[in-house]
Amino acid sequence: MHNDETIWACLGENGFCSFKVRWKEPKQDFCRNPYNVNGLCNKMSCPLANSQYATIIEEEGINYLYMKTVERAHSPKNLWERVKLSRNFLQALEQISKHLEFWPDRVINRCKQRLTKMRQMLIRMRKLSLKGGTKLVPIKKKTEKREATRELKAESAAKVDLAIERELLERLKQGTYGDIYNFPKKNFDSVMEKEDEEQELQDEDESDMEFVEDLGEDDEEWEDIDNKVEEVEVEGDLGMNDLEEVSLPARKKRRGKVEVEYEHEIDTR
Amino acid sequence: MATARPVVSIYNFENPSEKTGTMPMPVVLQSPLRPDLVREVHRDMAKNKRQAYAVKPKAGYDTAAESWCTGRAVARIPRAPGGGTHRAGQAAFGNQARGGGMFNPTTIWRRWHRRVNVTKKRHAVACALAASALPPLVMARGHKINQVAELPLVVSDGIQSLTKTKQAKEALKKLGCGEELQKVIDSKSIRAGQGKARNRRYVKRLGPLVIYNEDNGITRAMRNIPGVECAHVDRLNLLRLAPGGSFGRFVIFTEGAFKKLSDIYGTLKSGAPKKKGYTLPRAAMANADLARIINSTEVQSVLRPKMERYTHGIKRNALKSKELMEELNPGSTERRAVQLKSSQKGTPEYDEVQKKKKARIEESKKYNKEHKKGDETFYKTLMKAFEAKAAADAAKKAAEKADDEEDEE
């Protein structure tokens with residue numbers, strides 16, 4: 001009347017069970033009952049249709065052997081008896097054999113297989129957590145598109161170049177750069193003339209002067225631009241205020257002749 | 001394994017961890033499980049609360065439409081008469097026509113209700129009650145009863161006097177129904193379909209059914225708890241005991257109600273005292289555990305011994321398999337070896353064969369000489385005899401002829 005057979009008849013293939021999940025392709029029934037040993041829906045594995053049943057359940061990394069017997073079948077609260085299994089695999093297997101000593105072989109084997117599976121799963125979980133794992137974040141096309149357009153608009157609205165210009169001018173006015181960079185042409189020329197006079201006085205004796213631009217030498221002298229600039233700093237004590245270019249003055253100091261090159265406005269874009 | 005318990009514990013509704021007593025298990029709860037019966041009866045019973053729906057009787061036919069017949073270069077479907085509006089000349093009446101009636105209009109005289117045999121209904125209720133007493137079936141139906149102390153769950157009568165919903169909820173939670181009640185609350189959702197606009201907006205799962213004997217406030221206390229339903233023992237409804245046609249509803253009995261079950265349904269022998277002429281259903285098999293029956297000593301002792309089936313292995317061909325040939329015809333390998341050897345010159349077997357051959361030929365020659373040459377051959381003797389006989393016959397004939405001539409003279 002209330003035996004396993006009749007219960008399976010009510011639940012099984014042609015019956016209804018809320019834990020049953022039916023797959024049509026391939027044809028397979030699964031069981032969502034947490035106490036099921038192998039997750040399949042058949043008479044042997046149904047935890048509801050077998051009054052004597054055993055499983056392995058894992059809770060927070062610890063495996064427990066759960067057993068139920070006929071004697072407690074009427075009391076759902078006290079139905080499952082559980083045994084904590086050793087962390088040592090071999091010992092755990094022995095525990096299972098001991099507790100299920102007089103149970104059918106198949107039940108014991110299934111429990112041991114499940115234990116193995118559980119342990120493998122735990123190992124895998126630990127390995128994965130060590131790796132850190134990349135978190136997958138989905139790309140939302142709509143959002144991305146929207147944000148990209150907004151970025152462009154914001155960029156053009158901000159007028160970055162103008163802001164930079166303004167900022168640099170401010171700094172120059174405040175004097176954070178000291179006395180470098182652009183000087184008004186007149187003052188610069190006047191200083192240069194003074195220097196020329198000095199130079200000429202020094203180099204009058206030398207007659208082997210080359211007054212023509214020597215392109216070869218240019219390359220060498222380019223390397224010491226920074227040094228030259230420093231020299232100029234030391235010499236020139238002319239308050240230069242206007243900033244018109246960003247690039248350094250290309251100034252070469254030659255033997256006997258000071259060639260001054262004027263900077264051209266270069267587009268910074 | 002049959003688990004028909006003799007006795008059920010009663011739990012104190014205020015302190016469910018203590019049991020106030022025990023009660024014998026009513027025979028109803030041991031009725032045979034018949035899911036097919038319950039489904040069938042439920043199906044029919046569920047039809048009885050239906051309200052008729054139909055289209056208007058005149059729907060689509062409330063025009064004086066007539067067919068224009070042939071000759072007008074239009075289809076022959078009836079058309080609305082008159083003029084001056086769009087409607088004039090438009091098709092009418094047919095299910096294919098716009099504004100026409102439907103095919104096979106729904107009618108109010110459809111057979112909405114079904115009558116079910118009283119005994120059948122009673123059997124179904126008994127079966128549903130029995131199912132509610134089995135934890136596997138209740139779990140399979142979807143109820144969360146993992147914290148419930150016992151099934152069937154019988155609570156002391158005090159619960160019938162509860163008046164406050166809060167108290168009732170507390171009591172149920174203490175009895176282990178907390179998970180079940182939570183499941184109901186979590187399951188509330190808006191109905192799919194038109195029902196949501198027809199005052200059936202929300203759907204939720206069903207919770208426990210509390211069966212009481214005396215209503216001293218319990219119905220009103222339990223009324224507002226989502227999922228909980230109450231029923232009086234005397235008036236048990238299959239539609240509540242097996243909602244959707246699936247038995248195994250989670251049922252909570254009060255002490256009085258549980259006792260009354262025995263009073264109402266009685267036993268198989270006595271019949272049901274409160275249901276005239278009714279006896280509880282009898283199982284087709286007293287013990288349905290087939291495996292147990294077949295393997296029992298009573299059955300096994302009477303069976304004849306198991307037949308030894310001759311299992312044929314793979315058929316082997318003796319002409320190809322020397323081993324098999326030897327099995328079937330012992331000495332065949334030896335003979336074959338001798339045969340092989342006898343064709344090799346120089347071996348004694350060869351000489352033996354040749355000797356025999358010679359002897360045979362000699363014999364034959366001798367015989368031929370004797371019987372096939374000379375005058376005493378078979379053929380010659382045969383012919384001699386024949387000629388002798390022929391001569392004798394001829395002589396006889398001549399003699400007869402001579403006699404005849406003599407007679408004539």
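Chains A and B, in that order, give the protein sequences.
FYI, UniProt numbering numbers position 183 of the first sequence as 183, with every residue one higher than the one before it.
FYI, UniProt numbering numbers position 82 of the second sequence as 82, with every residue one higher than the one before it.
Even for Gly, the Cβ is constructed at its ideal location relative to N, Cα and C.
Give me whichever residues DSSP pairs with ALA272/B in a beta bridge. To locate residue 272/B, count along the second sequence from 1; it is residue 272. DSSP output for ALA272/B lists no bridge partner at all.
Tell me where the beta strand (DSSP E) around GLU59/A begins and ends. Along the first sequence, read from residue 1 onward, the residue named residue 59/A stands at position 59. Note, GLU59/A: beta strand (DSSP E), 53 to 59.
Backbone secondary structure at TRP23/A - three-state DSSP: Translated into the one-based positions of the first sequence, residue 23/A becomes position 23. Correct three-state label for TRP23/A: strand.
Measuring CB to CB, does PHE13/B end up less than 9 Å from GLY158/B? As a first step, residue 13/B must be located in the second sequence, where it is residue number 13. As a first step, residue 158/B must be located in the second sequence, where it is residue number 158. Their beta carbons are under 9 Å apart, which means PHE13/B touches GLY158/B by this criterion.
Residues that DSSP places opposite PRO78/B in a beta bridge: Along the second sequence, one-based indexing puts residue 78/B at 78. Per DSSP, SER67/B.
Neighbouring residues, chain B, relative to THR69/A (Cβ below 7 Å): On the first sequence, position 69 is the one that residue 69/A refers to. Under the 7 Å cutoff, chain B gives no residues; its nearest Cβ is about 10 Å from THR69/A.
Would you call the segment 64 to 81 of chain B in contact with the segment 36 to 55 of chain B, where contact means no fewer than 3 C-beta pairs closer than 8 Å? no
Please name the residues in the segment 164 to 191 of chain B whose beta-carbon is closer than 9 Å to at least one beta-carbon of chain A, in chain order. GLY176
When we look at the beta-carbon of LEU382/B and count the other beta-carbons within 10 Å, is it buried (16 or more) or exposed? As a first step, residue 382/B must be located in the second sequence, where it is residue number 382. The residue in question, LEU382/B, is exposed, as its Cβ has fewer than 16 Cβ neighbours within 10 Å.
With 9 Å set as the bound, which would you pick, yes or no: does the beta-carbon of ASP4/A sit closer than that to a beta-carbon of chain B? The residue labelled residue 4/A in the question sits at position 4 within the first sequence. Yes - at least one Cβ of chain B is within 9 Å of the one on ASP4/A.
Does the separation of the CB atoms of PHE19/A and ALA283/B fall below 9 Å? Start at 1 with the first residue of the first sequence, and residue 19/A comes out as number 19. Start at 1 with the first residue of the second sequence, and residue 283/B comes out as number 283. No, these two residues do not count as a Cβ contact at 9 Å.
Sorted by chain position, which residues of the same chain lie with C-beta nearer than 7 Å to GLU405/B's C-beta, five sequence neighbours on each side aside? Taking the first residue of the second sequence as 1, we reach residue 405/B at position 405. For GLU405/B, where only same-chain residues beyond five positions count, there are no Cβ hits under 7 Å.
C-alpha distance - GLN113/A paired with ARG119/A, whole-angstrom precision: What you label residue 113/A is simply residue 113 of the first sequence in a count that begins at 1. What you label residue 119/A is simply residue 119 of the first sequence in a count that begins at 1. Looking at the two C-alpha atoms, the distance is approximately 10 Å.
Tell me whether TYR202/B sits in a helix, a strand or coil according to DSSP, three-state version. Translated into positions along the second sequence, residue 202/B becomes position 202. Here TYR202/B sits in strand by DSSP.
Could you name the residues of the same chain whose beta carbon sits closer than 6 Å to that of GLU230/A, not counting the 5 residues immediately before and after it, in chain order? Locating residue 230/A in the first sequence gives position 230, counting from the first residue. Note that GLU230/A has pLDDT 46, beneath the 50 cutoff, so the model's placement of it is unreliable and no number is given.
Spatial neighbours of ILE190/B within its chain, please: C-beta separation below 8 Å, excluding the five flanking residues on both sides. For the purposes of this step, residue 190/B is identified with residue 190 of the second sequence, where counting begins at 1. Excluding positions up to five away in sequence, the list reads LYS196, ARG201, TYR202 and VAL203.
Is it true that the CB of VAL155/B sits closer than 9 Å to the CB of SER77/A? In the first sequence, the residue the question calls residue 77/A occupies position 77. In the second sequence, the residue the question calls residue 155/B occupies position 155. Here residue 77/A is Lys; the residue named in the question, Ser, does not match the sequence. Contact flag unset, no.
Which partner residues does ASP157/B have in the DSSP bridge list? Here residue 157/B refers to the residue found at position 157 when the second sequence is read from its first residue. DSSP lists no partner for ASP157/B.
Hey, is the segment 17 to 35 of chain B in contact with the segment 261 to 268 of chain B, meaning 3+ C-beta pairs nearer than 8 Å? yes
Express the C-alpha separation of ALA398/B and LYS389/B in angstroms, rounding to a whole number. What you label residue 389/B is simply residue 389 of the second sequence in a count that begins at 1. What you label residue 398/B is simply residue 398 of the second sequence in a count that begins at 1. C-alpha separation (whole angstroms): 14 Å.
Please identify, using Cβ separations under 7 Å, the residues of the segment 111 to 144 of chain B that lie next to chain A, in order along the chain. LEU134, PRO135, PRO136, LEU137, MET139, ALA140, ARG141 and GLY142
Please return the same chain residues whose Cβ sits closer than 6 Å to the Cβ of GLU233/A, not counting the five positions on each side in sequence. Numbered from its first residue, the first sequence carries residue 233/A at position 233. Any reading at GLU233/A needs caution, since the residue's pLDDT is 46, under 50, leaving its predicted position unreliable; the model's value is listed next. So no residue of the chain qualifies.
GLY99/B versus ARG43/B: straight-line alpha-carbon distance, rounded: Along the second sequence, read from residue 1 onward, the residue named residue 99/B stands at position 99. Along the second sequence, read from residue 1 onward, the residue named residue 43/B stands at position 43. Looking at the two C-alpha atoms, the distance is approximately 36 Å.
Among PHE253/B, TYR278/B and SER364/B, which has the Cα closest to the Cα of TYR11/B? What you label residue 11/B is simply residue 11 of the second sequence in a count that begins at 1. The shortest C-alpha separation from TYR11/B is found at PHE253/B.
Coarse secondary structure for VAL41/B, derived from DSSP in three states: By 1-based counting over the second sequence, the position of residue 41/B is 41. Note: VAL41/B maps to helix in three-state DSSP.
Buried or exposed, going by whether 16 or more other CB atoms sit within 10 Å of the CB of PRO32/B? Taking the first residue of the second sequence as 1, we reach residue 32/B at position 32. Per the 10 Å Cβ criterion, buried.
Less than 9 Å between the C-beta atoms of GLY142/B and ARG220/B, yes or no? As a working mapping, residue 142/B is identified with position 142 in the second sequence. As a working mapping, residue 220/B is identified with position 220 in the second sequence. Against a cut-off of 9 Å, the Cβ pair of ARG220/B and GLY142/B comes out as no contact.
Are the beta-carbon atoms belonging to ASP29/A and GLU13/A less than 9 Å from one another? Taking the first residue of the first sequence as position 1, residue 29/A is located at position 29. Taking the first residue of the first sequence as position 1, residue 13/A is located at position 13. Yes, the Cβ-Cβ distance between ASP29/A and GLU13/A is below 9 Å.
Can you give me the C-alpha to C-alpha distance between HIS232/B and ALA128/B, rounded to a whole angstrom? Walking along the second sequence from the start, residue 232/B turns up at place 232. Walking along the second sequence from the start, residue 128/B turns up at place 128. In a straight line, the C-alpha of HIS232/B is about 15 Å away from that of ALA128/B.
Have a look at HIS312/B, SER332/B and PHE250/B and flag the residue whose alpha-carbon is nearest the alpha-carbon of SER321/B. Position 321 of the second sequence, counted from the first residue, corresponds to residue 321/B. Here the closest residue by C-alpha is SER332/B.
Identify the continuous alpha helix (DSSP H) that holds GLN120/A and give its terminal residues. In the first sequence, counting from the first residue as 1, residue 120/A sits at position 120. First-last of the alpha helix (DSSP H) with GLN120/A: 105 to 131.
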